[in-house]
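Number 89 in our numbering belongs to position 82 of the sequence shown; there are no gaps in the numbering.
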Amino acid sequence: MSEFILVSTTERYRTVTDNPNLEKVADYEYYFFGKKKTTFSICRIKSQDARIVIQGVSEVFADNSIPLKVFPKFETTAEIEKEIYELDQDEESKILKV
Numbered sequence: 008m009s010e011f012i013l014v015s016t017t018e019r020y021r022t023v024t025d026n027p028n029l030e031k032v033a034d035y036e037y038y039f040f041g042k043k044k045t046t047f048s049i050c051r052i053k054s055q056d057a058r059i060v061i062q063g064v065s066e067v068f069a070d071n072s073i074p075l076k077v078f079p080k081f082e083t084t085a086e087i088e089k090e091i092y093e094l095d096q097d098e099e100s101k102i103l104k105v
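Shown next, in the form of structure tokens:
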């Protein structure tokens, strides 16, 4: 059975999804008042030994390598999509699948 995780990238930091232990399934962009705030990526877990690397973009900080066990896991992408689309509540916020 597959397991999936949700990671995000913002103006401040980038979550590296180019990882042999992960397979990116889909990306969603979140806009608030017309400005892109976050890109959400759904990734299939290929190995439980994966570590997620977060890098600074607009701020300089050392790469942060986080073990997969600290991330919430989902059985299906539909579960994650439901969570993402909860942000799309009114005309000021918008989710776009890319």
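Backbone N, C-alpha and C define an ideal beta-carbon position, used for all residues, glycine too.
Since the structure is predicted, the reported quantities are computational estimates derived from the model, not experimental observations.
Asked, Found
"Report all residues from its chain with a CB closer than 7 Å to the CB of Glu66; omit the five preceding and five following residues, and keep chain order.", "Arg19"
"Between the C-alpha atoms of Ala69 and Thr16, what's the straight-line distance to the nearest angstrom?", "16 Å"
"Could you check whether the Cβ of Leu94 sits closer than 8 Å to any Cβ belonging to chain B?", "Included in the structure is just one protein chain, with no chain B present."
"Rounded to whole angstroms, what is the Cα-Cα separation between Ile59 and Glu98?", "33 Å"
"Run the CB neighbour count on Leu13, radius 10 Å, all protein chains shown included, and call it buried at 16 or more, exposed below.", "buried"
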